[in-house]
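Participant: Numbering (our numbering), first residue to last: 187 to 624. If you scroll down you'll find the structure; I have some questions about it.
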Ligand code: FES
Ligand SMILES: [Fe+2]
């Protein structure tokens, strides 16, 4: 690697307006820097509060590659703690989820409360003079932010405030949560987990990429060019292909790059009048009973397909789930897909959503497996030195700039067809600002 290639000018040279250097996907040194400067500083999705409903509940996860715990403390609050014993550094909790009255390290038995407080150490007469329990609490994530049960943390003590960072995506989160007659969602229907041999950014880009769908997922559309139904009550899904070309309806989807690397794509219009099934009708009634007819109609008007909370989580409005993207190595990524349960909706609605995800987003499903294959081939192709550059120029220069609401302080939105690559360019803009902010 040439000297200075990881300096700010060296990194800036990797991202041009319509293309990025292949090293951003292949260079282990850049990956290490991403873990430090991007995942070590930005706000990251940790989990959903519904995963720890009771005092003592926990989940374990990683922020970047740092192991953390999300717990429900006995005062009802949700805590984000480093999963590292303060004695000799052992990972405190190995399970992915569970409930414990206290967290006991398997090595020498140091015992912590669910807020990270060190409660006791065995054989305490052996402690060094001046040893104080309070100096050995678990390290806590310095900043935690929660919106509608979505829990985020930053491992940095300073940086953009949570409210500013989440504001452009708040409405999209509300869009999903408001669909629940009970006013909240729960991630308690299991998880699909897959690993792929590719860089984490491939998945981050893919969730807001409508360009690939008619090709990568061609095997899931019928002779009329229509994909199978992915929502309860629909007889069929969106028209994806017309003859041998991408369907007009598909090309009318919109993409929005909303700042901080976040972005989302709108839905493809489906026939809302024809949407009907006993479960769907029962659900509409339950929602209308909870929020009124007019509000229920607003909530049920489809607006969004996928939303990407840069850099590590996305959620989908069509068949509802939250997806968490975990970089493991420069060419290895883990993805966890959690079905969303709408609290207060009829069981049939939630069961059907989960079943649809088995078909679309499990590791061996009809849709996700196509993407995983594409990611692996992309990583393999990037080993080629035939070109050093990756093109992301679709729609460059013809994005529509939407001014933010006056006084909102939000960044302007770049909008265009979701088959364009404006959101990916927005991601790299954010990437560069983190990577060069040393
Ligand atoms: S390493 Fe945890 S108690 Fe010793
Ligand atoms: Fe896909």
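Note that CB positions come from ideal geometry on N, CA and C, so glycine has one too.
#1: Closer than 7 Å: is that where the CB of residue 399 sits relative to any heavy atom of ligand 2?
#2: Tell me, please, whether the stretch 278-292 touches the stretch 238-256 by the rule of three or more beta-carbon pairs shorter than 8 Å.
#3: Around the Cβ of residue 136, are there at least 16 other Cβ atoms within 10 angstroms (buried) or fewer (exposed)?
#4: If you drop the 5 nearest sequence neighbours on each side, which residues of the same chain put their C-beta closer than 8 Å to that of residue 353?
#5: I need the DSSP call for residue 252, collapsed to helix, strand or coil.
#6: Return the chain-ordered list of same chain residues with a C-beta closer than 7 Å to the C-beta of residue 606, the five sequence neighbours on each side being excluded.
#7: Please report the distance separating the alpha-carbon of residue 327 from that of residue 389.
#8: Tell me whether residue 279 counts as near ligand 4, meaning its Cβ is closer than 7 Å to at least one heavy atom of that ligand.
#9: Consider the C-beta atom of residue 553 and the heavy atoms of ligand 1; say whether any pair is separated by less than 7 Å.
#10: What span of residues does the alpha helix (DSSP H) with residue 340 cover, start to end?
#11: Measure from the alpha carbon of residue 409 to the alpha carbon of each residue in 400, 417 and 507, then state which is nearest.
#12: Once you ignore the five residues that flank residue 555 on each side, which residues in its own chain have a CB closer than 8 Å to its CB?
#13: In three-state DSSP terms, what is residue 490?
#14: On a Cα-Cα basis, can you pick out the residue from 209, 563, 194 and 341 that is closest to residue 573?
#15: Taking 7 Å as the cut-off, does the CB of residue 268 come closer than this to any heavy atom belonging to ligand 1?
#16: Determine the DSSP secondary structure at residue 526, reduced to helix, strand or coil.
#17: Mind listing which residues have their beta carbon within less than 5 Å of any non-hydrogen atom of ligand 1? Chain order is fine.
#18: In this structure, does DSSP put residue 246 in helix, strand or coil?
#19: Is residue 462 near ligand 2, in the sense that its beta carbon is under 7 Å from a heavy atom of that ligand?
#20: With burial defined as no fewer than 16 other Cβ atoms inside 10 Å of the residue's Cβ, what is the status of residue 317: buried or exposed?
#21: Out of 391, 418 and 341, which one is the CA nearest neighbour of residue 540?
#22: Under 7 Å from any heavy atom of ligand 2, does the C-beta of residue 310 make it?
#23: Could you work out which residue in 199, 535 and 214 is closest to residue 384 when comparing CA atoms only?
#24: Comparing alpha-carbon positions, which option in 534, 602, 241 and 266 lies nearest residue 438?
#25: Closer than 8 Å is the cut-off here; do at least three beta carbon pairs connect the stretch 478-491 with the stretch 346-366?
#26: Cβ of residue 557 versus every heavy atom of ligand 2: is any distance shorter than 7 Å?
#27: Say yes only if the C-beta of residue 402 is nearer than 7 Å to one or more non-hydrogen atoms of ligand 2, and no if none qualify.
#28: Is it the case that the Cβ atoms of residue 334 and residue 546 are separated by a distance below 8 Å?
#29: Considering only the alpha carbon of each residue, which of 475, 461, 493 and 453 lies closest to residue 445?
#30: Relative to the C-alpha of residue 522, which residue among 461, 381, 360 and 569 is closest?
#31: One question on the structure: do residue 453 and residue 490 come within less than 8 Å of each other, judged by their Cβ atoms?
#32: List the endpoints of the continuous beta strand (DSSP E) containing residue 208.
Facilitator: In terms of the structure at hand:
#1: On the chain shown, position 213 is the one that residue 399 refers to. Correct: residue 399 has its Cβ closer than 7 Å to ligand 2.
#2: Yes, the stretch 278-292 touches the stretch 238-256.
#3: Any property of residue 136 remains undetermined from this structure, which presents the chain solely from 187 to 624.
#4: The count along the chain shown starts at 1 and reaches residue 353 at position 167. The answer, listed in chain order, is 594, 595 and 596.
#5: Stepping through the chain shown from its first residue, residue 252 is reached at position 66. Reduced to three states, the DSSP call for residue 252 is strand.
#6: In the chain shown, counting from the first residue as 1, residue 606 sits at position 420. Exclusion of the five residues before and after residue 606 leaves 441, 580 and 581 as the residues of its chain whose Cβ lies within less than 7 Å of its Cβ.
#7: Mapped onto the chain shown, residue 327 falls at position 141. Mapped onto the chain shown, residue 389 falls at position 203. Straight-line Cα distance between these residues: approximately 26 Å.
#8: Absence of ligand 4 from the depicted structure is noted, with ligand 1 and ligand 2 being the only ligands included.
#9: Along the chain shown, read from residue 1 onward, the residue named residue 553 stands at position 367. Not so, every heavy atom of ligand 1 lies at least 7 Å from the Cβ.
#10: Numbered from its first residue, the chain shown carries residue 340 at position 154. Premise fails: residue 340 lies in the beta strand (DSSP E), 336-340, not in any alpha helix (DSSP H).
#11: Indexing the chain shown from 1 puts residue 409 at position 223. Checked all of 400, 417 and 507; the closest Cα to residue 409 is 400.
#12: Against the chain shown, residue 555 aligns to sequence position 369. Correct list, in chain order: 549.
#13: Here residue 490 corresponds to residue number 304 of the chain shown, with the count starting at 1. Strand, per DSSP.
#14: Within the chain shown, the letter at position 387 stands for residue 573. The candidate whose alpha carbon is nearest that of residue 573 is 209.
#15: Here residue 268 refers to the residue found at position 82 when the chain shown is read from its first residue. In this structure, ligand 1 has no non-hydrogen atom nearer than 7 Å to the beta-carbon of residue 268.
#16: Numbered from its first residue, the chain shown carries residue 526 at position 340. The answer is coil: DSSP assigns residue 526 none of H, G, I, E or B.
#17: Qualifying residues come out as 271, 273, 274, 276, 291, 293, 294 and 296.
#18: In the chain shown, the residue the question calls residue 246 occupies position 60. Reduced to three states, the DSSP call for residue 246 is strand.
#19: Within the chain shown, numbered from 1, the residue matching residue 462 stands at position 276. Checking every heavy atom of ligand 2 against the Cβ of residue 462, none is found closer than 7 Å.
#20: Locating residue 317 in the chain shown gives position 131, where the first residue counts as 1. Under this definition residue 317 is an exposed residue.
#21: Taking the first residue of the chain shown as position 1, residue 540 is located at position 354. Cα-wise, what sits closest to residue 540 is 418.
#22: Numbered from its first residue, the chain shown carries residue 310 at position 124. Outside the cutoff, so no.
#23: The residue you call residue 384 lines up with position 198 of the chain shown. With distances taken between Cα atoms, residue 384 lies closest to 214.
#24: What you label residue 438 is simply residue 252 of the chain shown in a count that begins at 1. Distances from the CA of residue 438 to each of 534, 602, 241 and 266 were compared; the closest alpha carbon is that of 602.
#25: Taking 8 Å as the limit for Cβ pairs, the verdict is that the stretch 346-366 does touch the stretch 478-491.
#26: Working through the chain shown from its first residue, we reach residue 557 at position 371. Look at residue 557: its beta carbon is less than 7 Å from one of the heavy atoms in ligand 2.
#27: Here residue 402 refers to the residue found at position 216 when the chain shown is read from its first residue. Remark: the shortest separation between the CB of residue 402 and any heavy atom of ligand 2 falls under 7 Å.
#28: Position 148 of the chain shown, counting from 1, holds the residue named residue 334. Position 360 of the chain shown, counting from 1, holds the residue named residue 546. Between residue 334 and residue 546, the CB-CB gap reaches or exceeds 8 Å.
#29: Mapped onto the chain shown, residue 445 falls at position 259. When each option's Cα is compared against that of residue 445, the closest is 493.
#30: Indexing the chain shown from 1 puts residue 522 at position 336. Residue 522 has its Cα closest to that of 381, out of 461, 381, 360 and 569.
#31: Counted from its first residue, the chain shown places residue 453 at position 267. Counted from its first residue, the chain shown places residue 490 at position 304. Their beta carbons are under 8 Å apart, which means residue 453 touches residue 490 by this criterion.
#32: Within the chain shown, residue 208 is the residue found at index 22, counting from 1. Note, residue 208: premise wrong, no beta strand (DSSP E); not H, not E.
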